[in-house]
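Encoded as structure tokens, the structure appears first; notes follow it.
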Amino acid sequence: MTQQPVSPAQQDGADAGTVSATSPESAARHGGPRSLGLRLDVRNLSLLGVLAVLVAVGGFTKPDQFLDTSNLQLVLTQASVIGVVTVGMTFVIISGGIDLSVGAIVALASVWATTVATQEYGFVGILFTAVVVGLGCGLVNGLLVAYGGIVPFIATLAMLASARGLALQITDGRTQIVSVQSVLDLGIPDSYILGIPPLVLVFAAVTVIGWLVLNRTTFGRRTVAVGGNAEAARLAGIDVRRQRLFLYLLSGLCCGIAAFLLIILSGSGQNTNGNLYELDAIAAAIIGGTLLSGGRGTIVGSVLGVLVFTTITNIFVLNNLQSDVQQIAKGAIIVAAVLVQRRTLRNGEV
Amino acid sequence: MPETSRRGLLFGTAAVSAGALLTACTSNEPKKETPAADSRPAADDKPGKHVTIGFAGPKADHGWLNAINENAKARAGKYSDVTLEITGGSNDIAAQIGQIDTLINKKVDVLVILPADGKALTQVGLKAMKAGIPVVNLDRVFASPQAYRCWIGGDNYGMGLNAGRFIGERLKDKPDAKVVELAGMDNLELTKQRTQGFDDALKNYPNIKKVARQAADFTVETGQAKMAQLLQAQKQFDALWNHDDDQGVGALRAIQQAGRDDFLMVGGAGAKSAMDAIKADDSVLKATVLYPPTMAASAIDLARALGQGKGVGGLSELEIPASLTLYSAVVTKDNVDEYLPTGFR
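Written as structure tokens, this is what we have:
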């Protein structure tokens, strides 16, 4: 019974991630099965273009510093934490939902995982706590949205407030410094595997798994179907509520993993962690081509969106631009990126 | 790489022992504004008329602000004739006004207010004063002197100035010395003052040039992120002035990750983790410039004196002063033991 709605998407093959399974005309437009499904859609190509321009700007303004290996490692490392969050967020947005609580969940997971009691159990204790707290918050979000009938915006806004409050209560505003050496060691160059920081490897793994889940599994197709038209998906036999529950769980899990990465990166847990991640993750997903109304989006696009943001920040600091200029320029670049995308999309598709 | 330095910085989540803050230091320096370290309060200790003090501050989501609350509570608890009514604290201006209104309606004897934004909360300060409740304005200053009876706070300009002087003296014989500044939140007035003081101090040392300045957001996360990129941008420099010890935890982590030790670092505010690192002397952090949260304890002393109509012990005046600016002392390895008890977690 649950296999039924999947068949149109299966015909469409790899492109299920970018095309609503319940939208026959768009399926027809993209057409035919592709063997690998690695084809980047037009949006992602334009985003790659934006990234290429940024790299050129960085290389041109600060050739010695920007193209340095250690800088590229740094950009990817700093993209990792928010990148993992964005992968989870992309799933939620594709399903037509939103998760405003990601930053607060990262904060709560990071402070809970770095309490003295948790640190006693070392590496495993910290990782386990971070992931369990992330999942727990995701579960509450999911239950409220899927079974409580509360709109995602409100349910996750409530989670944002209470998770931040709890994080503040746990820390009392203090910075909880990590003393578990095996965790700290993962953040220093000695731990790099073939020159790649472990954080970046986790980010890459989450991206690949996210891509596979979205494009190669029933779960992914159902996500797109629910976002495209929840009623049609329900009529087609998808358990929409259970699907939504799992999506918020997935987002919570990503937050838990991100919190662990942030602990490695900063060597501490603080209630201010993950500040404004919700906006960064939504922005990255949107410029990556995910529709805020749901039904369409790609993991690759979101990750490119994250890389664009991180690269911009990096170039700003290398050129010693002050924060006011940074903010103005960042806003301008977001608009420019979306405009370029629109134009490319129109030329490419019409 | 100093692998053990993080261990040296270890502290947990156990609550600050307020008693330790009050009694641990036996220092007896005469004119330092650190009453939490110095057990002698501003007014005399003998119990007098009972005073109810209302205390309203911003949300304690930061080590320093939390220490402000701890200091106020601990000092109030020390007096048998003081009752402290403390609000939950909020960064939302409207919410904080509401909290202060509640304290005014409760008819507390004296108010101690650390406004989330001094300018925006001036009206509620005026309102309290008009209602006959004297206001002790803590740290972030109201726009009108009519809105408070007494102001006590830190010296942000002096903080930058003393950081600049310390770095200047260390580098004065080095030709073409370069310094980098990791500032706090750029939208706060205090950040501008700290930077201004720092720049003014450096003018006395023509051989030193500030080559980069980036603002972080007072958090460990932003401190790490901005510092990591600053280190990338500046392959060689001689000194770093970091406005805040909380973001300094992140900055030190970034410095450790980059494996750099070719410069000296000066922190700000006076966190215990920073003082521990200065004492251990195994990282680039060589000093921190104080912005002591003990000012909250002093504010309670002043409020009590106001409520009882007393002056300040040791001064000739009959009334408490209209304003008191704390000194931004530089804590180094040489004097760290003296200041450690005031370090906040």
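Residue numbers (this note's numbering), protein chains in the order written: chain D, 12 to 361; chain B, 1195 to 1539. The beta-carbon is built from N, C-alpha and C at its ideal position, and this holds for glycine as well. The structure presented is a predicted model; accordingly, all values stated were derived computationally and were not measured.
Spatial distance of residue i from residue j (CA atoms)
i: S1199 (chain B); j: I1287 (chain B); result: Annotation note: pLDDT 42 at S1199 (chain B) (below 50); position unreliable, coordinate value reported separately. Each residue's alpha carbon lies about 40 Å from the other.
i: I188 (chain D); j: S1467 (chain B); result: 9 Å
i: S1492 (chain B); j: I137 (chain D); result: 40 Å
i: A39 (chain D); j: V351 (chain D); result: Confidence at A39 (chain D) is low in this model, with a pLDDT of 36, below 50, so the placement of that residue is unreliable and no value is reported for it.
i: G308 (chain D); j: W123 (chain D); result: 32 Å
i: V113 (chain D); j: V1329 (chain B); result: 40 Å
i: P1309 (chain B); j: R1334 (chain B); result: 6 Å
i: F271 (chain D); j: R233 (chain D); result: 29 Å
i: G342 (chain D); j: E1511 (chain B); result: 56 Å
i: K1313 (chain B); j: Q1387 (chain B); result: 16 Å
i: T1296 (chain B); j: A115 (chain D); result: 30 Å
i: T324 (chain D); j: G69 (chain D); result: 11 Å
i: N55 (chain D); j: W222 (chain D); result: 14 Å
i: K1301 (chain B); j: M1379 (chain B); result: 36 Å
i: T1536 (chain B); j: A1427 (chain B); result: 35 Å
i: F1392 (chain B); j: A1406 (chain B); result: 13 Å
i: L1534 (chain B); j: G1461 (chain B); result: 14 Å
Residues that residue i contacts on chain D, provided the C-beta gap is smaller than 9 Å
i: R1447 (chain B); result: L195, G198, L276, S277, G278, S279
i: Q1450 (chain B); result: L195, G198, I199, G278
i: S1467 (chain B); result: T186, I188
Sheet register partners of residue i (DSSP bridge)
i: A1481 (chain B); result: B:V1460, B:T1526
i: P1348 (chain B); result: It should be noted that the sequence gives Gly, not Pro, for residue 1348 (chain B). In DSSP, G1348 (chain B) forms no bridge with anything.
i: L1518 (chain B); result: B:I1346
i: A1250 (chain B); result: B:I1307
i: V1276 (chain B); result: B:V1245
i: W1435 (chain B); result: B:E1375, B:V1460
i: V1329 (chain B); result: B:L1305
i: S279 (chain D); result: D:I188
i: F1538 (chain B); result: B:A1465
i: K1404 (chain B); result: B:V1373
Identity of the residue in the options nearest residue i by Cα
i: Q281 (chain D); options: D:A157, D:L85, D:V156, D:R175; result: D:R175
i: N1299 (chain B); options: B:K1321, B:L1384, B:F1431; result: B:K1321
i: A1497 (chain B); options: B:I1346, B:P1309, B:H1256, B:G1312; result: B:I1346
i: L287 (chain D); options: D:V92, D:A63, D:V328, D:L83; result: D:V92
i: L1446 (chain B); options: B:L1479, B:N1263, B:T1277, B:L1382; result: B:L1479
i: A295 (chain D); options: D:S279, D:S304, D:L315; result: D:L315
i: D1470 (chain B); options: B:P1486, B:D1531, B:E1511; result: B:D1531
i: V127 (chain D); options: D:V142, D:A270, D:I181; result: D:I181
i: A178 (chain D); options: B:G1461, B:I1291, B:L1332, B:A1254; result: B:A1254
i: V143 (chain D); options: D:C265, D:T101, D:L155; result: D:C265
i: K1240 (chain B); options: B:L1484, B:Q1502, B:E1375, B:T1488; result: B:Q1502
i: D1440 (chain B); options: B:T1488, B:L1376, B:L1425, B:Q1290; result: B:L1376
i: N1529 (chain B); options: B:P1515, B:D1432, B:D1475, B:L1520; result: B:D1475
i: L1424 (chain B); options: D:L65, D:L85, D:V61; result: D:L85
i: A63 (chain D); options: D:L318, D:N331, D:R354, D:R253; result: D:L318
i: A1487 (chain B); options: B:I1262, B:T1246, B:G1257, B:G1248; result: In the sequence under discussion, the amino acid at residue 1487 (chain B) is Pro, which differs from the Ala named in the question. When only C-alpha atoms are compared, the closest one is B:I1262.
i: V1304 (chain B); options: B:G1248, B:T1416, B:D1311; result: B:G1248
i: L431 (chain D); options: D:S81, D:T97, D:V219, D:V251; result: The requested residue 431 (chain D) is not part of the displayed model; chain D covers only 12 to 361.
i: G1348 (chain B); options: B:V1525, B:T1519, B:V1524, B:L1434; result: B:T1519
Amino acids of chain D, ordered along the chain, whose beta-carbon sits closer than 8 Å to that of residue i
i: T1413 (chain B); result: Q281, T283, N284, N286
i: N1260 (chain B); result: D183, G184, R185
i: H1256 (chain B); result: G184, T283
i: D1380 (chain B); result: Q333, S334, D335
Assigned exposure category for residue i - 16 Cβ within 10 Å defines buried
i: T88 (chain D); result: buried
i: N1356 (chain B); result: buried
i: P1369 (chain B); result: exposed
i: A32 (chain D); result: The predicted position of A32 (chain D) is uncertain, since its pLDDT is 43 and thus under 50; no value can be drawn from it.
i: E1363 (chain B); result: exposed
i: H1244 (chain B); result: exposed
i: I1449 (chain B); result: buried
i: P1339 (chain B); result: exposed
i: R354 (chain D); result: exposed
i: V1276 (chain B); result: buried
i: P200 (chain D); result: exposed
i: V1483 (chain B); result: buried
i: A1419 (chain B); result: buried
i: D335 (chain D); result: exposed
i: G248 (chain D); result: exposed
i: E131 (chain D); result: exposed
i: G312 (chain D); result: buried
8 Å Cβ cut-off: residues of chain B touching residue i
i: L393 (chain D); result: There is simply no residue 393 (chain D) to check, as chain D begins at 12 and stops at 361 in what is shown.
i: Q76 (chain D); result: Q1426, A1427, K1429
Proximal chain B residues relative to residue i, where beta-carbon distance stays under 7 Å
i: T97 (chain D); result: By Cβ distance, chain B contributes nothing, its closest Cβ being about 16 Å from T97 (chain D), past 7 Å.
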